[in-house]
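**Student:** After the structure tokens below, expect a handful of questions from me.
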Amino acid sequence: MLALVCLFALRFAGHQHFLSQQESRPGQKNVAVQLLIYPDDLVLTDTGRIRGQGTLSSGEKVWFSYQAKDIGDFQAWQIVRRPVLVRGRGDDRRILPATNFYQFDFQAFSQTKGISHQLILKKANLEPAQSKNLWQAVNFRFRTWHFACEQWAHHLPNPLANYALALLLGAKDQSLYSDNPKIQELGLIHLFSLSGFHVAFLSGCLAWFGKRLGLYREVTLAILVVALPSFYLLTACPPILVRAVLAGELRLFGQAFHHRISPLRVWSAALLGTLFVQPLILLTLGGQLSFALTLALTLVPTDWANWQKGLFLSVLSFPLIVAQQYTWNIWQSAANLLAVPVFGTVILPVVLSGYFIHLAPLTELTNLVVRVFDTAVAWVGSWPGKVVIGDLTWPIFLVLFVLPWFILRASRQVQQRLTMVWLIALCLGFVRVHWFQPGEYTTFDIGQGDAALLLEPGNKTATLIDTGGKVSFQRRGFLRSKAGATAVDSRTNEGQARSVIVPYLHARGLSHLQTLSLSHQDQDHIGDAHVILENFRVDKLLVPAGMRGQPAFQRKIQPYLQGTKVIEVTDNSRVKNLPLVVLHPFQPGIGENEDSIALAGRVGPLTLFTAGDLDQAGEEKIRQKYPDFRPNLVKFGHHGSKTSTKPAAFAFWQPRYGLISAGRENRYGHPNQETLETAAKNRMIVYDTRRQGMLRYVYYSSKKGYFQVNSNHDLTNVETTN
1 MLALVCLFAL RFAGHQHFLS QQESRPGQKN VAVQLLIYPD DLVLTDTGRI RGQGTLSSGE
61 KVWFSYQAKD IGDFQAWQIV RRPVLVRGRG DDRRILPATN FYQFDFQAFS QTKGISHQLI
121 LKKANLEPAQ SKNLWQAVNF RFRTWHFACE QWAHHLPNPL ANYALALLLG AKDQSLYSDN
181 PKIQELGLIH LFSLSGFHVA FLSGCLAWFG KRLGLYREVT LAILVVALPS FYLLTACPPI
241 LVRAVLAGEL RLFGQAFHHR ISPLRVWSAA LLGTLFVQPL ILLTLGGQLS FALTLALTLV
301 PTDWANWQKG LFLSVLSFPL IVAQQYTWNI WQSAANLLAV PVFGTVILPV VLSGYFIHLA
361 PLTELTNLVV RVFDTAVAWV GSWPGKVVIG DLTWPIFLVL FVLPWFILRA SRQVQQRLTM
421 VWLIALCLGF VRVHWFQPGE YTTFDIGQGD AALLLEPGNK TATLIDTGGK VSFQRRGFLR
481 SKAGATAVDS RTNEGQARSV IVPYLHARGL SHLQTLSLSH QDQDHIGDAH VILENFRVDK
541 LLVPAGMRGQ PAFQRKIQPY LQGTKVIEVT DNSRVKNLPL VVLHPFQPGI GENEDSIALA
601 GRVGPLTLFT AGDLDQAGEE KIRQKYPDFR PNLVKFGHHG SKTSTKPAAF AFWQPRYGLI
661 SAGRENRYGH PNQETLETAA KNRMIVYDTR RQGMLRYVYY SSKKGYFQVN SNHDLTNVET
721 TN
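Shown next as structure tokens:
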């Protein structure tokens, strides 16, 4: 074991050295590249976008993307069935870190896979890849088989197809979780990730067949020894499966030589082996849950009932999941207790039957069984029970994770005391997040869009101003059928609200918004309103007078309102529990830029002014109507466009600080030079999401506040990509 530890230490040091050298490599534009790509790593979308993972000729792994020029170009990728070599040119960029607080950090995730750069291909010529050695030839063959198996699954109806892809092949298709997000919310994702559960099922099936066929025990063990690594290769070598395969091989070794290896030794060896293959696996939620829960199962007393084991595993996984998602579903323990036995005895056999036996009646029957289970999961997930915990401090997390391990071997009296300490720590963390936070005005970095949060101290009121949204200029219709595409993202029309705004609000302890204000009807301001309305209880929705009757509102917002009250506002409106006042519009319109809602009010010691995409004429009218109004914190209108930011108005107001929300390398050239010159003439301090990521103004009282940015380095000066 000591030798394994030393070997791992050397491997980890070498991996970190290689990764640091790789990360220090600067990006390059229009560089010639040669990229090895496996067919099961390709993702094709309806817009003609091809993306995935590839390996450069240097051996470095990268993410890549390519926009097909036409249907013929797209079809060349669509017919890829074997590993291909791509020769072409493109921009090689370092991956950008998360630019918002509490946002999923794609850079850190990529590092766990040994990836630090992304390649944006401009030209691409495909040719069959030739293996250079025996290992590569074997890997090519297994990856080709894996892709063929995926294509076979794509011909099945859903949800059977999604279940087969996840359960049998470890496919990267995310449509399973987008079609039924309650799988993740109820903590059932481990059942759909290839793991020890699936390896044990495979081993059990092979052992059963060996016994029925009358094979010698030694022959069956030999088959299993070969089958487990073959299964690992056939499923495209998912890192999380290494633990289960190594543990299975160790148990087979013990059985073959009549030597019992203790479960703890098996777990330890599997951990070191997995860390050797994937040194950063414990930095992922999947790796943390896999090793924590399997260790717990080896240590729990044998006389514990199933419900006790399930409850303990839920308590153990609680801090790990909350640290990533900031929420917890109270039905998670019960859902797992019921789902695990059903999975092993019903769902896996049914999915196997439906996958391998393509007969219409059987396919329909197996799909029906899977649909019933899938519907049951969605039904249970719809029950009230989702609790927003928030971002707990690391000492609280440490207490919540460490204490349960001491409960395992403690006396009953000590167990009760430790349980009480655990509950007190949770309550302290919960109370701090929900009632003892400072106020803030936060501008989200969501690309070429607009969204901001005004949160009063102690979470007294929460006001979200606009939601962002994706403005797409891409032509659709590239995909003619389901076959040929590994995945089609069902949320391609969404912006970044689900990945940026929702987790941030949850981290701040919010499940309820007093006000959602939509400045006007442009897609980049209201496109993701449905995401907010689906995930939060919203009391009031503010829109400019006249916008409610517009087609955009009826199509994008009306179906998601539920119990939210819609208020059409003008400058004469007074809105309850809104810590801002409405300065514009003066009269009803149709929700265009010139009809934008303008809001103003105190944010700690500063006076805020934000007005969506209001034009210069509107700003001038506000200046004339409110001659005593003097904002010193201004959100530049229309992402810093020259259509806003009236020089005369700003010269009159003399604001101290300015905020710009715009996308990096946006096609509009926002912010325009004229806007920046106006800011410079008025000696304004300008904060820009393009350069600094998320912008926060944090305040404790009417006299004290400070700015906080996500990055102190200019993000536009580095060749990076999101």
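Following UniProt numbering, the numbering of the sequence shown begins with 1 at its first residue and continues without gaps.
Yeah, the Cβ is synthetic: ideal placement off N, Cα and C, and Gly gets one too.
Helix, strand or coil, according to DSSP, for residue 23 in the structure here?
**Tutor:** Reduced to three states, the DSSP call for residue 23 is helix.
**Student:** Using the rule of at least 16 other Cβ atoms within 10 Å of the residue's Cβ for burial, across every protein chain shown, is residue 80 buried or exposed?
**Tutor:** The residue is buried, with at least 16 neighbouring Cβ atoms inside 10 Å.
**Student:** Determine the burial state of residue 66: buried for a count of at least 16 other Cβ atoms within 10 Å of its Cβ, exposed for fewer.
**Tutor:** Buried is the call here.
**Student:** Opposite residue 125 in the DSSP bridges: which residues?
**Tutor:** DSSP output for residue 125 lists 87 as bridge partner(s).
**Student:** Going by Cα to Cα distance, which pick from 184, 595, 78 is closest to residue 611?
**Tutor:** Ranking 184, 595, 78 by Cα distance to residue 611 puts 595 first.
**Student:** When you compare only the Cα positions, how much space is there between residue 497 and residue 134?
**Tutor:** Taking the straight line from one Cα to the other gives about 47 angstroms.
**Student:** Tell me which residues share the same chain as residue 705 and place their Cβ nearer than 7 angstroms to its Cβ, disregarding the 5 neighbours each side in the sequence.
**Tutor:** Excluding positions up to five away in sequence, the list reads 604, 605, 606, 697, 698, 699.
**Student:** Verify whether the separation of the beta carbon atoms of residue 404 and residue 316 is less than 8 angstroms.
**Tutor:** Closer than 8 angstroms, so yes.
**Student:** Span of the beta strand (DSSP E) holding residue 189?
**Tutor:** No beta strand (DSSP E) contains residue 189, which is instead part of the alpha helix (DSSP H) from 189-192.
**Student:** Short of 8 angstroms in beta carbon distance, which residues of its chain neighbour residue 586, apart from the five on each side in sequence? Order them along the chain.
**Tutor:** Hits under 8 angstroms: 570, 571, 621, 625.
**Student:** For residue 531, I'd like the list of residues in its chain whose CB is within less than 6 angstroms of its CB, leaving aside the five on either flank, ordered along the chain.
**Tutor:** The residues are 497, 498.
**Student:** Assuming residue 529 contacts residue 565 (C-beta within less than 8 angstroms), just tell me the rounded distance between them.
**Tutor:** The pair is not a contact, with the Cβ atoms about 15 angstroms apart (cut-off 8 angstroms).
**Student:** My guess is that residue 35 and residue 74 are in contact by the Cβ rule of under 8 angstroms, so how many angstroms apart are they, rounded?
**Tutor:** Incorrect: roughly 18 angstroms between the Cβ atoms, too far for contact.
**Student:** Identify which residue in 107, 91, 462 has its Cα closest to the Cα of residue 119.
**Tutor:** Out of 107, 91, 462, 91 has the C-alpha closest to the C-alpha of residue 119.
**Student:** Which of the three DSSP states, helix, strand or coil, is assigned to residue 374?
**Tutor:** In the structure shown, residue 374 sits in a helix (DSSP, three-state: H, G or I).
**Student:** With DSSP as the reference, label residue 139 as helix, strand or coil.
**Tutor:** The answer is helix: DSSP assigns residue 139 an H, G or I state.
**Student:** Would you report the Cα separation of residue 16 and residue 150, rounded to the nearest angstrom?
**Tutor:** Taking the straight line joining both Cα atoms gives about 34 angstroms.
**Student:** Let me know the secondary structure DSSP gives residue 92 once reduced to three states.
**Tutor:** Here residue 92 sits in strand by DSSP.
**Student:** Below 8 angstroms on the Cβ atoms is my guess for residue 373 versus residue 347; work out the distance and round it to an integer in Å.
**Tutor:** About 6 angstroms separates the two Cβ atoms, so the contact holds.
**Student:** With distance defined between alpha-carbon atoms, name the residue in 418, 48, 299, 87 nearest to residue 78.
**Tutor:** Closest by alpha carbon: 48.
**Student:** Of all the options 617, 305, 445, 108, which has the alpha carbon lying nearest to the alpha carbon of residue 285?
**Tutor:** The option with the nearest alpha carbon to residue 285 is 108.
**Student:** Once the 5 residues before and after residue 692 are set aside, which same chain residues still bring their CB inside 6 angstroms of it?
**Tutor:** Hits under 6 angstroms: 709, 711.
**Student:** Please classify residue 601: is it buried, with 16 or more other beta-carbons within 10 angstroms of its beta-carbon, or exposed?
**Tutor:** With 16 or more Cβ atoms within 10 Å of its Cβ, residue 601 is classed as buried.
**Student:** Does the stretch 141-149 come close enough to the stretch 28-45 that 3 or more CB-CB pairs lie under 8 angstroms?
**Tutor:** Touching, yes, given that three or more Cβ pairs across the two stretches are closer than 8 angstroms.
**Student:** Kindly confirm or deny that the stretch 378-391 and the stretch 190-202 touch, where touching means at least three C-beta pairs closer than 8 angstroms.
**Tutor:** The stretch 378-391 is not in contact with the stretch 190-202.
**Student:** Whole angstroms is fine: what's the gap from residue 701's alpha carbon to residue 441's?
**Tutor:** So the alpha carbons of these two residues sit roughly 13 angstroms apart.
**Student:** So for residue 707, helix, strand or coil by DSSP?
**Tutor:** If DSSP states are grouped into helix, strand and coil, residue 707 belongs with the strands.
**Student:** Please classify residue 312: is it buried, with 16 or more other beta-carbons within 10 angstroms of its beta-carbon, or exposed?
**Tutor:** So residue 312 counts as buried.
**Student:** Runs of 3 residues minimum, wholly inside the stretch 344-413: which ones carry the beta strand (DSSP E) assignment?
**Tutor:** Entirely contained in the stretch 344-413, the beta strand (DSSP E) runs reaching 3 residues are, in chain order, 386-388.
**Student:** In the DSSP assignment, what residue or residues form a beta bridge with residue 439?
**Tutor:** Residue 439 pairs with 699.
**Student:** Run through DSSP, which three-state label would residue 215 get?
**Tutor:** The answer is coil: DSSP assigns residue 215 none of H, G, I, E or B.
**Student:** Could you tell me if residue 257 is buried or exposed, where buried requires 16 or more neighbouring beta carbons within 10 angstroms of its beta carbon?
**Tutor:** So residue 257 ends up on the exposed side.
**Student:** If you check the beta carbons only, do residue 723 and residue 302 fall under 8 angstroms apart?
**Tutor:** Missing from the structure shown is residue 723; the chain here goes from 1 to 722 and no further.
**Student:** Grab the span of the beta strand (DSSP E) containing residue 539 for me, first residue to last.
**Tutor:** Counting along the chain, the beta strand (DSSP E) containing residue 539 begins and ends at 537-544.
**Student:** How big is the Cα-Cα spacing for residue 666 and residue 401?
**Tutor:** Straight-line Cα distance between these residues: approximately 44 angstroms.
**Student:** From the DSSP output, read off the bridge partner residues of residue 179.
**Tutor:** Its beta-bridge partners do not exist; DSSP assigns none.
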